[in-house]
Amino acid sequence: MTLHAADIFKNTRLALQVENARLCTVTEHNQRYLSERDLTNVRLVRCGLDVESFPIRDPQQVERDLIVSVGRLVEKKGHDRLIRWLATQAGSPYRLRIIGEGEQRPTLSRLIDELGLADRVQLVGAMPSSSVIAEVARASVFALACRIDSDGDADGLPVVILEAALVGTPIVSTSVTGITEFLSRSTGYLARHDDEQDLHRALQEALTDPQRERRAANARDLVMTSFTLQAQADALLDLISGPAGSHTSIE
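Residue numbers (UniProt numbering): 1 to 251.
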């Protein structure tokens, strides 16, 4: 049984589901969260990527001043915060494309209209995964403004962050849960998840930093060494082959 995000933070039936199971989770943050609730013997098996499927991008194809975000249109993804940041950049050439679909589309559309950003923000909707990666690859910056939502739900470590790293796009995100296990000052631009002004700072830094390609290269190297499909498949096989652990229930 693999534990990711909402299935941990919002799952009232988790205690019934873990008895006699072999458990793994995708971030160290989740391990600590579960341990604090007396659920022990949870192994760390990260999400692995087929790295050969993500060739590094062609710099000649990058669109200057384009920010791309990918994720369902729900509160925890923080798309509204990116839109509000763009509203502070009057006179700038920056543009924002948000890829994904979800319940917040009407709310985000109204916000875009209220802020007069219809010509600079595009809600693209859902796209095939191959098209998503192509969009991320041509962005100047990939941004995901994750937050803890009003119900307590949060992301773990969104796979799209790892995918952006593999194609070589500089990354801006926040300190929500497992994101800090990948993103740091050496691999991208990290903002405090509960501080919108700090997010604005990180975005501005990423868009103007002459060394951002160096950070992007470091992020790609980290995926290549720690998040490969083969390495994580081996870890999962080791877990499955071993004895089931003894787990205490979460209250």
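Ideal Cβ positions, reconstructed from N, Cα and C, are used throughout, including at glycine.
In the DSSP assignment, Leu-162 forms no beta bridge with any residue. In chain order, Ile-98, Arg-105, Leu-108, Ser-109 place their CB closer than 7 Å to the CB of Leu-123, counting only its own chain and leaving out the 5 sequence neighbours on each side. DSSP places Ile-67 in the uninterrupted beta strand (DSSP E) bounded by 63 to 70. With contacts defined as CB atoms closer than 8 Å, Gly-178 and His-79 fail to qualify as a contacting pair. Within the region 186 to 245, the complete beta strand (DSSP E) segments of 3 residues or longer fall at 189 to 191, listed in chain order. For Val-172, the closest of Arg-120, Asp-234, Trp-85, Gly-242 by C-alpha to C-alpha distance is Trp-85. DSSP lists Ala-191 as the bridge partner or partners of Thr-174. A residue is called buried when at least 16 other Cβ atoms come within 10 angstroms of its Cβ; Thr-40 does not meet this threshold and is exposed. If you ignore the 5 residues before and after Ala-118, its C-beta comes within less than 7 Å of the C-beta of Ile-112, all in its own chain and listed in chain order. CA-CA distance, Leu-82 to Ala-154, rounds to 17 Å.
Annotation: the region 114 to 164 contains the following complete segments of the beta strand (DSSP E) (minimum length 3 residues), in chain order: 121 to 125, 139 to 143. For Leu-34, the enclosing alpha helix (DSSP H) stretches over residues 28 to 35. Using a C-beta cut-off of 8 Å, the region 44 to 60 makes contact with the region 225 to 235, since at least three inter-stretch Cβ pairs fall below that distance. The same chain holds no residue with a CB closer than 8 Å to that of Gln-197 once the five nearest residues on each side in sequence are set aside. Pro-210 and Asp-38 have their C-alpha atoms roughly 46 Å apart.
Thr-27 sits buried, since 16 or more C-beta atoms from the chains shown fall within 10 Å of its C-beta. When secondary structure is reduced to three states using DSSP, Thr-25 falls in the strand class. About 5 Å separates the beta carbons of Val-141 and Ile-67, which is inside the 8 Å limit, making them a contact pair. Leaving aside the five residues that flank Glu-205 on each side, the residues in its chain whose CB is nearer than 8 Å to its CB run, in chain order, Tyr-189.
Taking a C-beta distance under 8 Å as the contact criterion, Val-159 and Ile-133 do not qualify as a contact pair. With a minimum length of 4 residues, there is no unbroken run of alpha helix (DSSP H) contained wholly in the region 83 to 112. Cβ-Cβ separation between Gly-102 and Val-74: approximately 5 Å, consistent with a contact (criterion under 8 Å). Per DSSP, the unbroken beta strand (DSSP E) holding Arg-43 starts and ends at 42 to 44.
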